[in-house]
Amino acid sequence: MVSGKITYKGQAVNGGTLMMVNTGDKGESTNVPLTQEGTYRAADLPEGEYKVVIQPASGTAGVPSTKGMDPAKAAEIKSKIDAMKTAATITIPDKYKKVATTDLKLTVGKTDQTFDFELKD
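Residue numbering for the sequence shown follows my numbering, starting at 7 and increasing by one per position.
See below:
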């Protein structure tokens with residue numbers, strides 16, 4: 007198992023996905039979710055070298071519109087949505103978003119390993 011934490015300027019990189027791309031012949035990839043605390047955990051990754059790409063969370067998809075709705079009902083819905091909101095995903099440098107430009111790498115072996123990454127500008 008591989009686990010760790012991703013930070014940028016001391017803040018957790020939260021709510022996105024890590025794409026771990028095997029640098030071997032097949033170039034297979036595995037997507038691993040990031041928690042709101044910036045941590046990740048991936049089990050059953052084949053041994054090998056991986057490049058790590060960070061795919062930020064995608065905003066407000068799935069939030070219903072309250073346009074034209076009764077104001078009392080709209081306020082109730084807004085209150086429920088606000089209660090469900092999590093911390094905003096922090097903005098990270100673009101170089102970590104593409105396989106060709108990321109410099110994040112890890113090597114998966116036979117034992118459990120921890121890889122913490124501090125992103126740089």
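All C-beta atoms in this analysis are idealised placements derived from N, C-alpha and C, irrespective of residue type, glycine included. What you are looking at is a predicted structure, and each value in this text was computed from that prediction instead of being measured.
Worksheet item: Going straight from the alpha carbon of residue 67 to that of residue 50, what length do you get?
Response: By 1-based counting over the sequence shown, the position of residue 67 is 61. By 1-based counting over the sequence shown, the position of residue 50 is 44. In this prediction, residue 67 scores a pLDDT of 46, lower than 50, which makes its location untrustworthy; the coordinate-derived value is nonetheless stated afterwards. Approximately 30 Å between the Cα atoms of the pair.
Item to complete: Write down the C-beta distance between residue 54 and residue 16 rounded to the nearest angstrom, noting that I regard them as a contact closer than 8 Å.
Response: Sequence index remark: in the sequence shown, residue 54 carries index 48 (1-based). Sequence index remark: in the sequence shown, residue 16 carries index 10 (1-based). Not confirmed; about 31 Å, so no contact.
Worksheet item: residue 59 and residue 105 look like a contact to me (Cβ under 8 Å); what is the Cβ gap, rounded to whole Å?
Response: Walking along the sequence shown from the start, residue 59 turns up at place 53. Walking along the sequence shown from the start, residue 105 turns up at place 99. Contact flag correct, Cβ pair sits at about 6 Å.
Discussion item. Using C-beta distances below 6 Å, list every residue in its chain close to residue 23, excluding the 5 sequence neighbours before and after it, in chain order.
Written reply: By 1-based counting over the sequence shown, the position of residue 23 is 17. 37, 39, 61, listed in sequence order.
Worksheet item: What's the gap between the Cα of residue 76 and the Cα of residue 83?
Response: In the sequence shown, the residue the question calls residue 76 occupies position 70. In the sequence shown, the residue the question calls residue 83 occupies position 77. The alpha-carbon atoms of residue 76 and residue 83 are separated by roughly 11 Å.
Fill in: Separation of residue 27 from residue 52, as counted between CA atoms
The sequence position of residue 52 within the sequence shown is 46, counting from 1. The sequence position of residue 27 within the sequence shown is 21, counting from 1. C-alpha separation (whole angstroms): 11 Å.
Discussion item. Considering just the uninterrupted stretch of the beta strand (DSSP E) at residue 21, what are its terminal residues?
Written reply: Looking up residue 21 in the sequence shown gives position 15. Note, residue 21: premise wrong, no beta strand (DSSP E); not H, not E.
Worksheet entry | Endpoints, the beta strand (DSSP E) within which residue 61 is located | Locating residue 61 in the sequence shown gives position 55, counting from the first residue. Here the beta strand (DSSP E) through residue 61 covers 54–61.
Worksheet entry | Coil, strand or helix - residue 34 by DSSP | As a first step, residue 34 is located in the sequence shown; it is residue number 28 there, counting from the start. If DSSP states are grouped into helix, strand and coil, residue 34 belongs with coil.
Discussion item. Looking at the secondary structure, which residues open and close the beta strand (DSSP E) in which residue 112 lies?
Written reply: Here residue 112 refers to the residue found at position 106 of the sequence shown. Residue 112 -> beta strand (DSSP E) spans 111–114.
Item to complete: Using alpha carbons as the reference points, say which of 33, 7, 110, 80 lies closest to residue 14.
Response: Your numbering for residue 14 matches position 8 in the sequence shown. That would be 110, whose Cα lies nearest to the Cα of residue 14.
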